[in-house]
Amino acid sequence: MEVIHKIGRRKTAVARAYVAPGKGNITINKKDMPVYFPSAALQYKVNQPLVMTNNEGNFDITVNVYGGGITGQAEAIRLALSRVMCEIDAENRLILKPEGLLTRDPRMVERKKFGQKKARKKFQFSKR
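Under the numbering used here, the residue at position 46 of the sequence shown is numbered 46, and the numbers go up by one with no gaps.
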């Protein structure tokens with residue numbers, strides 16, 4: 001098996017995951033995962049596709065991620081890894097699909113409109 005490359009997106013974050021057989025090292029932007037994501041909740045999100053398909057420790061994963069915040073980046077990585085797990089074994093799709101890990105979350109920030117304070121909030125009207 002050679003290196004598998006997949007892309008995951010969430011809000012404005014884009015993650016490119018490169019997966020090769022190995023010992024289970026996860027490198028994100030040239031840093032180890034616990035250094036890049038100190039929060040246990042974000043580490044859980046990144047590992048979720050690997051844990052559900054019983055593949056933790058089987059692959060060396062290198063990820064380049066940019067844009068968005070840390071939560072959006074973690075969820076973009078999760079989508080990319082889920083897509084990789086489906087390419088490795090088609091039966092993994094039956095495990096990941098019901099959990100919603102193969103669905104790209106389409107929610108984006110709504111743009112600010114002119115003549116308004118924010119996307120939906122209006123300027124306060126004062127009658128004097």
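The beta carbon of each residue, even a glycine, is placed where N, CA and C say it ideally should be.
Could you tell me which residues DSSP puts in a beta bridge with residue i?
i: G22; result: None, per the DSSP bridge assignment.
i: K6; result: A17
i: K31; result: I28
Give the C-beta separation of residue i and residue j to the nearest angstrom, bearing in mind that I take them to be a contact with Cβ-Cβ under 8 Å.
i: R120; j: G8; result: Not quite, the Cβ-Cβ distance comes to about 29 Å (not below 8 Å), so this is no contact.
i: V134; j: A15; result: Beyond the ends of the chain as shown, which are 1 and 128, falls residue 134; an answer cannot be given.
i: A13; j: G67; result: 5 Å
i: A75; j: R10; result: At residue 75 the sequence reads Glu, which differs from the Ala that was named. Sure, about 4 Å apart at Cβ, within 8 Å.
Would you mind sorting residue i into buried or exposed? The rule is 16 or more other CB atoms within 10 Å of its CB.
i: N54; result: exposed
i: L94; result: exposed
i: N92; result: buried
i: E197; result: The structure shown does not extend to residue 197, since the chain is modelled only from 1 to 128, so the question has no answer here.
i: Q124; result: exposed
i: P98; result: exposed
i: F114; result: exposed
Any contact of the region 99-109 with the region 30-40, i.e. 3+ C-beta pairs under 8 Å? no
Whole beta strand (DSSP E) elements within the region 43-109, 3-residue minimum: 59-66
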